Amino acid sequence: MKLAFTVNMFDRKHSWIYRDVFWFVFVLSLAYLEEAESKCTEAFFKQIDGAGLTTIVLSTHRVKHLPYCAKHCSDNTEKCAGFKYRSPTNHLPNCEVLKAMGICRPNYNKSRTECEGDTWQFFQTVQDKPPHSKLNICKNGGTCVKEHCLSDDFRCICRGNFFGKFCNEVNETSASCEELHQIGGDLLNGVYSIQTKTDTRMTKTYCQMTSLEGCAGGGWTMVMKVDGHKKTFKYNSSYWSNEQTFNPIGGTSGFDDVETKLPTYWSTSFKELCIGMKVGNDS
Numbered sequence: 001m002k003l004a005f006t007v008n009m010f011d012r013k014h015s016w017i018y019r020d021v022f023w024f025v026f027v028l029s030l031a032y033l034e035e036a037e038s039k040c041t042e043a044f045f046k047q048i049d050g051a052g053l054t055t056i057v058l059s060t061h062r063v064k065h066l067p068y069c070a071k072h073c074s075d076n077t078e079k080c081a082g083f084k085y086r087s088p089t090n091h092l093p094n095c096e097v098l099k100a101m102g103i104c105r106p107n108y109n110k111s112r113t114e115c116e117g118d119t120w121q122f123f124q125t126v127q128d129k130p131p132h133s134k135l136n137i138c139k140n141g142g143t144c145v146k147e148h149c150l151s152d153d154f155r156c157i158c159r160g161n162f163f164g165k166f167c168n169e170v171n172e173t174s175a176s177c178e179e180l181h182q183i184g185g186d187l188l189n190g191v192y193s194i195q196t197k198t199d200t201r202m203t204k205t206y207c208q209m210t211s212l213e214g215c216a217g218g219g220w221t222m223v224m225k226v227d228g229h230k231k232t233f234k235y236n237s238s239y240w241s242n243e244q245t246f247n248p249i250g251g252t253s254g255f256d257d258v259e260t261k262l263p264t265y266w267s268t269s270f271k272e273l274c275i276g277m278k279v280g281n282d283s
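Take a look at the structure:
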């Protein structure tokens, strides 16, 4: 996750202090998607009833969301006949890429014409792709699922925080700005709701979705902003070690001189840190 905060620069040994100092600190979230997973698949699938199907498994995987399972199939279209997926509930694999899909096995409920069974969802590879205009109709890494192969009906299975018929609407809540950036790289700089370990479980914070000088990549999450003129965050302040916020509304105003400390300071795991400083009019 990417965070931002400001810090008073004070050195007791040399008795000097930077007065007009602002630090913008960001950290890159551990909750990020691999680059390969962020690409849209060009394979098409239709959902079928088939918990009782006879199948030959090509490979098994544990994935976060259904589109990731679909991608394991689309990466091996010559051999993959389809896949089955269920929501992750434990450490067991929840995605099976299938080499073959047959008829219903005995002893399954056949009260209807389709097979019935457990919580797995079955998807079959569609050979007759929809018109070219629909190849990229599902946006932001969504997967197109054909409801009826011979018609123009389709359904997009959206990834992460996206929803809507074309996966072009975003539910602006995520564990970090980096996570939002990974699933929707064209998001604008601005305020988003981030999941934090608070009573409300959500915090509005400024997200820098574009690169900063010296800090490559987008998706930086605001943590703190500190004004060197003030004593709020002096070197022995308890704010550095406690889980108390300070003026959280200041975390929504971007890179200005308004001090703030957000829950992202203690609530967010990170693997990269970006610090910005302003002295007078220089930054």
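For the sequence shown, our numbering gives the first residue as 1, with consecutive numbering after it. Every residue, glycine too, gets a C-beta built ideally from N, C-alpha and C. As the structure is a prediction and not an experimental result, all values here were calculated from the model.
Inter-residue spacing [alpha-carbon to alpha-carbon] between residue i and residue j
i    : j    : result
L262 : K278 : 20 angstroms
C177 : V223 : 11 angstroms
F45  : A100 : 14 angstroms
G219 : T54  : 44 angstroms
E272 : V258 : 24 angstroms
T260 : E169 : 30 angstroms
V63  : C95  : 7 angstroms
Q124 : E179 : 30 angstroms
D282 : S237 : 27 angstroms
Y235 : S174 : 32 angstroms
S193 : I56  : 43 angstroms
S253 : S241 : 24 angstroms
A216 : F270 : 15 angstroms
I275 : G214 : 9 angstroms
S74  : A81  : 10 angstroms
Q47  : P67  : 13 angstroms
T203 : G190 : 13 angstroms
H229 : Y239 : 17 angstroms
F233 : C167 : 42 angstroms
Y108 : T77  : Only weak support is given to the placement of Y108: the predicted model assigns it a pLDDT of 48, under 50, and the value that follows is read from those uncertain coordinates. Distance between the alpha carbons of Y108 and T77 is about 29 angstroms.
Reference residue i, options the options, closest by Cα
i    : options                : result
T143 : H65, S253, N236        : H65
K84  : G250, I48, Q121        : Q121
Q182 : G141, D199, T268       : G141
F154 : A175, S174, V126, L180 : V126
R201 : S74, G276, S267        : S267
L187 : T198, K197, Y206       : Y206
K165 : V191, N189, I137, G190 : I137
K197 : V191, T264, N76, G190  : T264
L98  : H72, V145, I157        : H72
Near the ligand HEM: residue i beta-carbon under 7 angstroms from a heavy atom
i   : result
V97 : With respect to the ligand HEM, the structure offers nothing, as it holds no ligand at all.
Three-way DSSP call (helix, strand, coil) for residue i in this model
i    : result
Y235 : coil
L273 : strand
P131 : Model confidence at P131 stands at a pLDDT of 47, short of 50, so the residue's coordinates are unreliable; what they give is reported in the following sentence. Here P131 sits in coil by DSSP.
W300 : Given a span of 1 to 283 for the chain in the structure shown, any question on residue 300 remains unanswerable.
H61  : strand
A100 : strand
T125 : strand
L187 : coil
E116 : Unreliable placement is indicated for E116, whose pLDDT of 47 sits below 50; the coordinate value is still reported in the next sentence. Residue state, collapsed to three classes: coil.
T143 : strand
L262 : coil
T252 : helix
L66  : helix
E179 : helix
S211 : coil
K46  : strand
Buried versus exposed call for residue i [16 or more other C-beta atoms within 10 Å across all chains shown]
i    : result
D227 : buried
K231 : exposed
K225 : buried
G251 : buried
Minimum Cβ-Cβ distance from residue i to chain E less than 8 angstroms
i    : result
Q244 : Protein chain content of the structure displayed is limited to a single chain, and chain E is not contained in it.
State whether the stretch 230-246 contacts the stretch 206-217, with contact taken as three or more CB pairs (one from each stretch) at a distance under 8 angstroms.
-> no
Counting Cβ pairs, one atom from each stretch, are 3 or more of them under 8 angstroms apart for the stretch 161-168 and the stretch 82-99?
-> no
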